[in-house]
Structure formats: structure tokens, C-alpha cells
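Here the numbering used here is used: the first residue of the sequence shown is 59, the next is one more, and so on.
Scroll down for the structure; my scribbles are underneath it.
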Amino acid sequence: SEKTKVRHRNGINKTLIQMPLPARRLLFIIMAQIDTMKIIPNGKVFTVSAQDYSDLCGINIDTAYAQLKNGARALQAQSLEVPQEELLKAFARRPSEYLKNEDEWRGIRLLHITDSCSYADDEAFVQVRFSRQMEPYICMIEKDFTTQVLMSNIRLADSNASKLYQLLRSNISKGHINFFVLPVSKIKKTLLIDKVATYKTFKYFKSQFMNRSIKKLIEVTEFTQIDMTIEEKQGRKVDKVRISYSYEKV
59 SEKTKVRHRN
69 GINKTLIQMP
79 LPARRLLFII
89 MAQIDTMKII
99 PNGKVFTVSA
109 QDYSDLCGIN
119 IDTAYAQLKN
129 GARALQAQSL
139 EVPQEELLKA
149 FARRPSEYLK
159 NEDEWRGIRL
169 LHITDSCSYA
179 DDEAFVQVRF
189 SRQMEPYICM
199 IEKDFTTQVL
209 MSNIRLADSN
219 ASKLYQLLRS
229 NISKGHINFF
239 VLPVSKIKKT
249 LLIDKVATYK
259 TFKYFKSQFM
269 NRSIKKLIEV
279 TEFTQIDMTI
289 EEKQGRKVDK
299 VRISYSYEKV
């Protein structure tokens, strides 16, 4: 429904923000089926039909199945990149499953999102089974999470708008109900655009990234107003901004 929400741990936000559209759509449609307060049954296989994908994403059935297959392939190939300090242990299915040297790892851990994916051309559906490493980020969730509205997420085809949407929903989930203040450098890094030459200057970051993305969000999502204003300068350079917003409660 229009009010369906998806909840996930913050440790996978970086992975989600860089996912190609078909993989992101498929993943969120599946996550919407999960009761985040309970553990995923061992070996659970999730199924998504081309018809459901088409209806939810608002695209025609042929495009939907092509995206669905590409999404399954991309999801199987996608690494789950988690900072060591946000790494969660897989749920113990047996008492002695963990290696004693697990704490010796450093840096960003590269894990698998899915254990396996399949698609059936004749019946137009795909099936997905999550990896053990992915499960703690999408079920049994009690803290450090982001909540997104399913229909808003999957109907945002624009990559930049999708990134901004997740940033806003992440901050709302942290308790910043109507605004937050952050350094411009941190915002760019979170959005994975800190290396993009076009957005180096504040003028073009605002006009080319923010303003265009804001327009998309207001067209497609629950947000009705989004503004970015300068909060603090260091000399002539903009250091911090305030991003304020209003949205329909869903």
C-alpha cells in the first residue's frame, strides 16, 4: 500500500545508496515482506513477480521483467560494504558457528547480500534468498535504523534524488523531524558525490544536485517542501547548511 514502510539498519546505508535502480527496487520490494521484529526463517526464499514489480514501480510489464532479471543479477553480484564498527554478527543457527578471530578484521568488510537468486522466464518471476551476513541488517531491528516509504523509494528512478531521499529519511529516523544541520563536506561524502567535480563548488552543488533532486522528491514522494540554507561560513566558503523539510505523515 501507499503507507508501507521498509526498515533497515544504518550499517547498509552506503551499500543501498550506490545500488543500481533494478537491484534497489527488487531489494526494497522484498524487504517490505519482512517482519523486522522477527528473525527470517532459516532458508527462506522470497519471490517477486514481474506483475507485482510492474504495479509497484509504475512501469509496463515488459520493462518490469527486464529490470527484474537485471535486478536479480545485480543483487547477486553486489557487495555489502560495512564499516567494521557497524558490522553485525550473523544470527547463530548453531552454537559454535563463529570463528574466534572474527575481531581481527579491520576497515570495510565486503560481504554478500544474497546467498542465491534465480529467475524463471516462462513464469516471469525471480526468487531471492538472503545471505546469513545480510540478515541482521534487515530483521530483528531494534536500534540504529532508517525507515523509508516503499513506494517513494522504488518510484524514484533518478539516482541523485534517491540518494537525497535516503539522507532525509535517515535523519528523520534519528529524530531530526523537521531539519538537520551538517557540514557540506559530510553531506557530499554521505551522498557519495564528494569526488564529483561538478559539485565541488557550493553554487553548483545547490543548483545541479540539490535543486534538481528536491524537485523530483516533491513530485514523487511524501515530501511537500525541502529547503537548504547556509548555516555557517568559514571565510567566503560555505561550511555548514541547514536542510529543512515538511512531509505527509504516512
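We treat Cβ as the ideally placed atom computed from N, Cα and C, and that holds for glycine.
In this text the structure is predicted, and so the values were computed from the model without any measurement.
When C-alpha distances from Ile245 are compared across Lys127, Arg213, Met286, Val207, the shortest belongs to Met286. 8 Å or more divides the Cβ of Lys96 from the Cβ of Cys175. Secondary structure note for Phe281: its beta strand (DSSP E) is the uninterrupted segment 281–292. Around the beta carbon of Ser210, a 10 Å sphere encloses 16 or more other beta carbons of the protein chains shown; the residue is thus reported as buried. Linking Pro194 to Ala124 through their CA atoms gives a straight-line distance of about 30 Å. Residue nearest to Lys61 within the set Asn218, Gln292, Glu280 is Glu280 (criterion: CA-CA distance). Partner residues in a beta bridge of Leu275, as assigned by DSSP, do not exist. In the three-state reduction of the DSSP assignment, Gln76 falls in the coil class. If you look at Ile166, you'll find it in the beta strand (DSSP E) that goes 166–170. Cβ atoms of Ala150 and Pro80 stay farther apart than 8 Å, at about 33 Å.
Within the region 205–264, the complete alpha helix (DSSP H) segments at least 4 residues long are 208–213, 217–231, 242–248, listed from N- to C-terminus. Distance from the CA of Gln191 to the CA of Ala219, rounded to the nearest whole angstrom, comes to 28 Å. A Cβ-Cβ separation of about 6 Å places Leu138 in contact with His170 under the 8 Å criterion. By the neighbour-count criterion, in which a residue is buried when 16 or more other Cβ atoms sit within 10 angstroms of its Cβ, Val103 is exposed. As computed with DSSP, Val299 is found in a beta bridge with Leu240, Ile288. In the three-state DSSP reduction, Arg82 falls in the helix class (H, G or I). For the region 94–122, the full-length beta strand (DSSP E) segments reaching 3 residues or more read 104–107 along the chain. Phe267: not part of any beta strand (DSSP E); DSSP gives it neither H nor E.
Burial check for Ala135: the Cβ neighbour count within 10 Å stays below 16, so the residue is exposed. Contact check for Ile284 and Ile272: beta-carbon distance about 5 Å, within the 8 Å limit, so the pair qualifies. Excluding residues up to 5 positions away in sequence, Asp297 lie with their Cβ nearer than 8 Å to the Cβ of Lys291 in the same chain. In this model, Ala130 and Lys274 are separated by some 26 Å (Cα to Cα). Closest in C-alpha terms to Tyr111, from the list Asp93, Gly101, Pro99, Ile87, comes Ile87. Between Leu74 and Arg82 the beta-carbon gap is near 7 Å, inside 8 Å, which marks them as a contact. Shortest Cα-Cα distance from Phe237 to any of Leu126, Val299, Ala148 involves Val299.
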